[in-house]
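With full-length UniProt numbering, letter number 36 in the sequence shown gets 36, and the count goes up by one each step, no holes.
Below: one structure, written as structure tokens.
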Amino acid sequence: MNRKTITNIISTLLLTGLVWLGMSSGFFDYVSSLGQPNPIDGQTSQERPSKTSEQTTTSQTENQVNYNQAYLSKDEVAAYLDQYDELPPNYLTKQEAQDLGWRPELGNLWEVTDHGAIGGDHFGNFEAKLPENEYREADVNYTGGSRNSERLVYSKDGDIYYTPDHYDSFDLLYEGD
């Protein structure tokens, strides 16, 4: 028997008892960690967001993003930050990119990475256009070559802002705690 068959048998035998005992959540999290869908919501643990949609601003339609997948678009990177509290794995700090041979003046980031993007460095908020907090920044909608003017600026509290014009203006995409 393969792992899927065993998991299905165990699920079938224990489902009624676990639901009755109120223990289904942990069991289904274990099953989904094996890559099998949770029978309740049909998602694996890698597809399931870590936050509820109530924690996003009401105007934001939550994008479905998967953990450990590469993203570059504003909406997907913002959703990834909101759901997983970290940048997608294709993001590198400026220092990490430079260690790989990136030279900003050459616009060679995609020559030294596999479609990487710059993100995770400190944002100073020196003009005080955002509420006082500690922020980090990430390039979005990057298409290779020289960096564009679009950034996400985010805090550990879960606030995520978008600036289309290199910090001249900001739109709140997600409001944190």
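We put the CB at the ideal spot given by N, CA and C, even for glycine.
Every value quoted in this text rests on a predicted model; they were computed, and no experiment measured them.
**Three-way DSSP call (helix, strand, coil) for V65 in this model** = Three-state result, V65: coil.
**Prompt:** Going straight from the alpha carbon of residue 184 to that of Y161, what length do you get?
**Reply:** This structure cannot speak to residue 184, because the chain is shown only from 1 to 177.
**Asked** Taking the continuous beta strand (DSSP E) assigned at A117, which residues delimit it?
**Response** Residues 117-123.
**Item:** Distance between beta carbons of G107 and S146, contact taken as under 8 Å
**Value:** By a beta-carbon distance limit of 8 Å, S146 contacts G107. Their separation comes to about 4 Å.
**Request:** Return the CA-CA distance between E111 and G101, expressed in angstroms with no decimal places.
**Result:** Those two C-alpha atoms are separated by around 9 Å.
**Prompt:** So, helix, strand or coil for E137, using DSSP?
**Reply:** In this structure, E137 counts as strand in the three-state DSSP scheme.
**Prompt:** Do you know how far the Cα of T143 is from the Cα of N63?
**Reply:** The straight-line gap from Cα to Cα measures roughly 20 Å.
**Prompt:** Is L152 closer than 9 Å to V140 when the C-beta atoms are compared?
**Reply:** With contacts defined as CB atoms closer than 9 Å, V140 and L152 qualify as a contacting pair.
**Asked** What's the call for residue 179, buried or exposed, on a 16-neighbour Cβ count within 10 Å?
**Response** Examination of residue 179 is not possible in this model, given that the chain is present from 1 through 177 alone.
**Message:** I need the DSSP call for Y84, collapsed to helix, strand or coil.
**Reply:** When secondary structure is reduced to three states using DSSP, Y84 falls in the helix class.
**Item:** Cα-Cα separation, R103 to L172
**Value:** For R103 and L172, the distance between alpha carbons rounds to 31 Å.
**Item:** Assigned secondary structure, D165 (DSSP; H/G/I helix, E/B strand, else coil)
**Value:** D165 falls in the coil class under three-state DSSP.
**Prompt:** What residue does the beta strand (DSSP E) around D171 start on, and which one ends it?
**Reply:** 171-174 is the extent of the beta strand (DSSP E) around D171.
**Asked** Which residues in the same chain as N125 place their Cβ atom closer than 7 Å to its Cβ, once the five residues preceding and following it in sequence are excluded?
**Response** In chain order, Y135 place their CB closer than 7 Å to the CB of N125, counting only its own chain and leaving out the 5 sequence neighbours on each side.
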